[in-house]
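Residue numbers (my numbering): 39 to 545. For glycine and all other residues, C-beta sits at the position ideal for the given N, C-alpha and C. Everything below concerns the one structure shown next.
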């Protein structure tokens, strides 16, 4: 009997040991998670309670970050904290908070957090481009070079203005070729805007029916949607998941496609490169690489040639293209505004002469409409994350070095304490009592401070010349038998209009 019962007597002991090990392992994991998630800093901004391992990720709607941040700010204030897994971050809201952080303490939050996701598409220690680079020598070199090169190639000067005016001619011809029939202006505008930055960076423009280039623009748009989603945030805080096969890997495919396109383009470009003659941004970068080739610590290397060119291309395309699409949509939805713009154009420029930047000061209403489009369209509602470069205080809260800081620009552009009609399209926001243009301090669509958009002046020129030229030539109407287009946005990294069609009738 003893021999028969012996195997059964071992089983409970084995099960008990397994259960005990499981309990100990679970307790250790929970303790590790608790140690990782606990905050030991005094006066750190308050925030919602977090759950083990995921933190607050399930409490944030990544399909509408500005809306989620607005709701949380009502409960926790304009400066509050979140945790994504074990990563602590602080969210800033409202004009007064943003003014203190971005303008008064700009260097304190000038750093950039790591984005492990981008390491899979070419980022390395000494090559991250100009947008994702951490605050320091490399970033200063790349930003200074990018700004000076854009200026040298005409940013704010007549030479670039002529390039924009030339592209406007192609765009107007494309609109006119539709002969007043309904069409979606999305891709033709995208191509036209992209051609401006392409002429600066790559030294060439692309035809509007170039399939390869159209596909590139579509892939870039798809990438922005993927990178703003929940899975992308998970991969940035748990990067080892990228080593596991699965559909999540498609998130980096658009970036790889873009870099492959640039490598091919730059490779062809090098074949005709003359070190004594500078045609474009790539040539200028190659010249700089040649100058500093003995400096092993220089950021002017092959990797940054691709990544900085990519940054300028992507940043110079998406936001301006989206702003112009919002502008045409608002002209459809507010025909009385369109009529006033037509009237001002006819009075200042007429129907025959092409608009120039010299006309801007004489056109306060058109300028106000463009600014209100940027404010109401709210193109980049949550700017790319900052990171504290040193310990700092914002609104009396202590934020230590190395904390990710999210700037909710949407809360500034639609701050109810600043704007008369924050949730309506109202160009009078930028006009004084004498109907003269006035720029408001809370107008921050390009962010502000050290990390402000380097292409702001280029964008302003492009927006004014494209918008004014289109309105000079056409009257835009909602096609017959079509419903009124939607005014709510499509949420991704940028806020864009839902697809719509227009009729462009020659004036």
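| query | result |
| --- | --- |
| With DSSP run on the structure shown, which of helix, strand or coil describes residue 121? | strand |
| When we look at the beta-carbon of residue 457 and count the other beta-carbons within 10 Å, is it buried (16 or more) or exposed? | buried |
| In chain order, what residues of the same chain have a beta carbon less than 6 Å from the beta carbon of residue 275, not counting five sequence neighbours either side? | 122, 123, 125 |
| Sorted by chain position, which residues of the same chain lie with C-beta nearer than 6 Å to residue 529's C-beta, five sequence neighbours on each side aside? | 101, 102 |
| In chain order, what residues of the same chain have a beta carbon less than 7 Å from the beta carbon of residue 470, not counting five sequence neighbours either side? | 476 |
| Compute every distance between the C-beta of residue 317 and the non-hydrogen atoms of the ligand COA, then say whether any falls below 8 Å. | Looking at this structure, you won't find the ligand COA or any other ligand, since it has none at all. |
| Taking Cβ to Cβ, would you say residue 86 is nearer than 9 Å to residue 99? | no |
| With three or more beta-carbon pairs closer than 8 Å as the criterion, would you say the segment 444-452 touches the segment 428-435? | no |
| Just mark residue 83 as buried or exposed, buried being the case when its beta carbon has 16 or more other beta carbons within 10 Å. | buried |
| Mind reading off the beta-carbon distance from residue 503 to residue 206? Whole number of angstroms is fine, and I expect it under 8 Å. | 6 Å |
| Within this structure, are the beta carbons of residue 187 and residue 338 separated by less than 9 Å? | no |
| Taking just the CA atoms, how far does residue 342 sit from residue 143? | 28 Å |
| What is the C-beta distance between residue 370 and residue 515, in whole angstroms, given that I count them as a contact (C-beta under 8 Å)? | 7 Å |
| Going by beta carbon distance, what residues of the same chain come within less than 6 Å of residue 167, once the five residues before and after it are set aside? | 345, 346, 349 |
| So residue 128 and residue 441 are supposed to be a Cβ contact under 8 Å. How far apart are they, rounded? | 6 Å |
| Check each candidate in 430, 466, 463 and name the one with the smallest Cα separation from residue 81. | 430 |
| What residue from 240, 332, 373, 407 has the CA that sits closest to residue 362's CA? | 407 |
| Quickly, what does DSSP pair residue 469 with across the bridge? List them, please. | 475 |
| Assuming residue 416 and residue 533 are in contact, meaning their beta carbons sit under 8 Å apart, how far apart are those beta carbons, in whole angstroms? | 5 Å |
| Note down, one range per segment and in chain order, each alpha helix (DSSP H) of at least 4 residues found wholly within the segment 222-310. | 224-239, 249-265, 268-275, 291-309 |
| Do residue 443 and residue 423 have their CB atoms nearer than 9 Å? | yes |
| Once you ignore the five residues that flank residue 267 on each side, which residues in its own chain have a CB closer than 7 Å to its CB? | 100 |
| What did DSSP end up calling residue 518 once you bin it into helix, strand or coil? | coil |
| Here's the rule: buried if 16 or more other CB atoms are within 10 angstroms of the residue's CB, otherwise exposed. What is residue 389? | exposed |
| Could you tell me the distance, in whole angstroms, from the CA atom of residue 151 to the CA atom of residue 288? | 23 Å |
| Nearest CA to the CA of residue 482: which residue from 413, 439, 351? | 413 |
| Have a look at residue 118 and residue 411 and give me their C-alpha separation to the nearest angstrom. | 29 Å |
| What residue range does the alpha helix (DSSP H) around residue 444 cover? | Unbroken run through residue 444 is the beta strand (DSSP E), 442-445; no alpha helix (DSSP H). |
| Let me confirm a value: residue 59 is counted as buried when at least 16 other C-beta atoms fall within 10 Å, else exposed. Which label applies? | exposed |
| Would you kindly work out how many angstroms separate the C-alpha atoms of residue 218 and residue 544, rounded to a whole number? | 8 Å |
| How would you call residue 180, buried or exposed, if buried means at least 16 neighbouring beta carbons within 10 angstroms? | buried |
| Residue range of the alpha helix (DSSP H) that residue 409 falls in? | 402-415 |
| Quick one: measure Cβ to Cβ for residue 234 and residue 201, integer angstroms, because I've assumed they're closer than 8 Å. | 7 Å |
| Taking the straight line between their C-alpha atoms, what separation do you get for residue 512 and residue 210? | 9 Å |
| Leaving out the 5 sequence neighbours to the left and right, which residues in its chain are closer than 6 Å to residue 409 when beta-carbon positions are compared? | 468 |
| Say whether the segment 242-261 touches the segment 293-304, bearing in mind that this needs 3 or more beta-carbon pairs closer than 8 Å, one atom from each stretch. | yes |
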